[in-house]
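Numbering of the sequence shown is given in this note's numbering, commencing with residue 15 and proceeding in unit increments.
Note that beta-carbon positions come from the ideal geometry of N, C-alpha and C, so glycine has one too.
Below is one structure, written out as structure tokens; the observations come after it.
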Amino acid sequence: MAGFRQRAPAHVDIAMVAHPSVTLFVDLSEGDSLVYDARGRRECGSTVVGLVPRDLRIGGRAAGGIECLQIRLSPVLAVAGLGAATDLSGTVVSLDDVWGRDAGRAEDRLRAATSWDERFAIAVDVLGRRLSARPSLDPEVAAAWWLMRTSRGRVRVDSLANEVGWSRKRLWSRFRSQIGLTPKHAARLVRFDHAARLLAAGNAAAQVAAASGYVDQAHLHREVKAFTGVTPTAVAAAPWLAIDDVAWPTSFADLPPSTSPVRQVPTR
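Next up, the structure:
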């Protein structure tokens, strides 16, 4: 998780790059709320962004400044914490629609906190209670997702099925019903995420294509366009990726499914 604050009045217009996680934005700003727009669907205030939200933009003008808590959950944990990972894929919804009255209660607790560390602790408590009260994914599906992450998306569905002891057909069906994406699409998303970070780090597109397992630079270009609607050059300059090295330490990227779901990081 990460906390973001800008005291001065601000006009916001940021494109969000697809990421292999379900993202919660808890809007703690005073006055006007931020607006989230994905393919014409608009939500204000605290929201949940599902996997592969193409064309997602965050905008609006906050007269009193911006204050927001951002939490990323792997889809494995999102199923337990939100109970709606499949329905969330490709879109953005209000946190109220997902958590009901609990969303307002969580916001009130977070606004009353006097520091980001206290807010992080509250978020850990809120998520922990929800995670312990709900069923999780099939262990085989969770293991398949972890293998995708650790291989950076460079794994075949047949290999995943063999690793978890399922047939390809069963893995395809159960993974899609519980994660919201097919195994192949999910692996593509993970591979794209790795490539996007290499682009943001200043690497040439041809080098990124080779390092990420794409056939050639044209293949990379097509995948970036499919996930973002823009070119690799535009993705490399995306402000959302510029903060990620601070907000999401790479040392936590490939931890196994049993690891704590929440990361506490310094305020940006």
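- Judged by their CB atoms, residue 166 and residue 208 are nearer to each other than the 9 Å cut-off.
- The DSSP assignment places complete alpha helix (DSSP H) segments of no fewer than 4 residues inside the stretch 95 to 130 at 99 to 102, 109 to 113 and 115 to 126, in order along the chain.
- The closest CA to that of residue 65, considering only 241, 234 and 175, is found on 241.
- The DSSP assignment places 219 to 226 and 231 to 242 as complete runs of the alpha helix (DSSP H) inside the stretch 199 to 245, in order along the chain (cut-off: 4 residues).
- Between residue 138 and residue 188, the beta carbon gap of about 29 Å keeps them out of contact (Cβ cut-off 8 Å).
- The Cβ atoms of residue 96 and residue 144 sit closer than 9 Å to each other.
- When 135, 174, 29 and 248 are compared, the shortest CA-CA separation from residue 219 is found for 248.
- Taking 9 Å as the cut-off, the Cβ atoms of residue 120 and residue 140 count as close.
- Closest in C-alpha terms to residue 243, from the list 229, 221 and 31, comes 31.
- If you look at residue 37, you'll find it in the beta strand (DSSP E) that goes 36 to 41.
- In the DSSP annotation of this structure, residue 169 is not part of any alpha helix (DSSP H), being labelled neither H nor E.
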